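Engineer: Quick note, in the numbering used here, the sequence shown goes up one by one and the last residue is 154. C-beta: ideal position from N, C-alpha, C; glycine also. Owing to the predicted nature of the structure, the values given are computational and were not obtained by experimental measurement. Here you go, one structure.
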Amino acid sequence: MTDAVRNRITVAAEPDAIMEVIADFEAYPQWQADVREVEVLETDDDGWPTRARFVVDARVVTARYTLAYTYTDDTMRWSLVEGEGLRRNDGAYRLSDNGDGTTDVTYELEVEPTVRVPGVVRRQVAARIVDVALEGMKRRVESGA
Numbered sequence: 010m011t012d013a014v015r016n017r018i019t020v021a022a023e024p025d026a027i028m029e030v031i032a033d034f035e036a037y038p039q040w041q042a043d044v045r046e047v048e049v050l051e052t053d054d055d056g057w058p059t060r061a062r063f064v065v066d067a068r069v070v071t072a073r074y075t076l077a078y079t080y081t082d083d084t085m086r087w088s089l090v091e092g093e094g095l096r097r098n099d100g101a102y103r104l105s106d107n108g109d110g111t112t113d114v115t116y117e118l119e120v121e122p123t124v125r126v127p128g129v130v131r132r133q134v135a136a137r138i139v140d141v142a143l144e145g146m147k148r149r150v151e152s153g154a
């Protein structure tokens, strides 16, 4: 990802517990304030969502888009399939087990709206999305919800 925004947070939980929360897309509106609706469209043989449709209040635009997901043991990656309001939405959550009951979670995001937005503003908006998502995920995981 060439113009990606990245941030990292340490969560007091094992990677499996974190992956369960970040892959529970239909619960996102409960812990990500900008996410209005999510519908899982497809799952893999293990039940992990592989395609989901989102409606997000992105301040600049209300974005409606579908993402495709892939998973490894320590990473959830997504890419834009189609979208209204977005040209690009590619990213990943990467989990690194610290071996002490905590996990470092890195969120990477590259987003480009269809409306013309200067690169610096686009990166600021993406950084806000990343920071808010990481903080919300940490609260959600650590609360056991």
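Should the stretch 33 to 52 be called in touch with the stretch 122 to 131, which here means at least 3 C-beta pairs below 8 Å?
Structural biologist: Output reads no: the stretch 122 to 131 does not touch the stretch 33 to 52.
Engineer: Taking just the CA atoms, how far does Tyr116 sit from Pro24?
Structural biologist: Taking the straight line joining both Cα atoms gives about 14 Å.
Engineer: From Arg149 to Thr123, what distance separates their C-alpha atoms?
Structural biologist: Straight-line Cα distance between these residues: approximately 31 Å.
Engineer: Quick one: what does DSSP say Val124 is sitting in, helix, strand or coil?
Structural biologist: Residue state, collapsed to three classes: coil.
Engineer: Taking the alpha-carbon positions, what's the Thr84 to Ala101 distance?
Structural biologist: For Thr84 and Ala101, the distance between alpha carbons rounds to 7 Å.
Engineer: From the DSSP output, which residues share a beta bridge with Ile18?
Structural biologist: Bridge partners of Ile18: Val114.
Engineer: Do you know how far the Cα of Arg103 is from the Cα of Val139?
Structural biologist: For Val139 and Arg103, the distance between alpha carbons rounds to 13 Å.
Engineer: Just list the residues that DSSP pairs Gly153 with in beta bridges.
Structural biologist: Note: Gly153 sits in no beta bridge, so no partner.
Engineer: Classify Gly92 as helix, strand or coil using the three-state DSSP reduction.
Structural biologist: Gly92 falls in the strand class under three-state DSSP.
Engineer: Rounded to a whole number of angstroms, what is the C-alpha to C-alpha distance between Ala142 and Gln41?
Structural biologist: Whole-angstrom Cα-Cα distance: 6 Å.
Engineer: Helix, strand or coil for Trp87? Go by DSSP, reduced to three states.
Structural biologist: Reduced to three states, the DSSP call for Trp87 is strand.
Engineer: Considering just the uninterrupted stretch of the beta strand (DSSP E) at Asp66, what are its terminal residues?
Structural biologist: Pro58 to Asp66 is the span of the beta strand (DSSP E), which, as asked, contains Asp66.
Engineer: Straight-line CA distance for Ala77 to Ala13?
Structural biologist: In a straight line, the C-alpha of Ala77 is about 18 Å away from that of Ala13.
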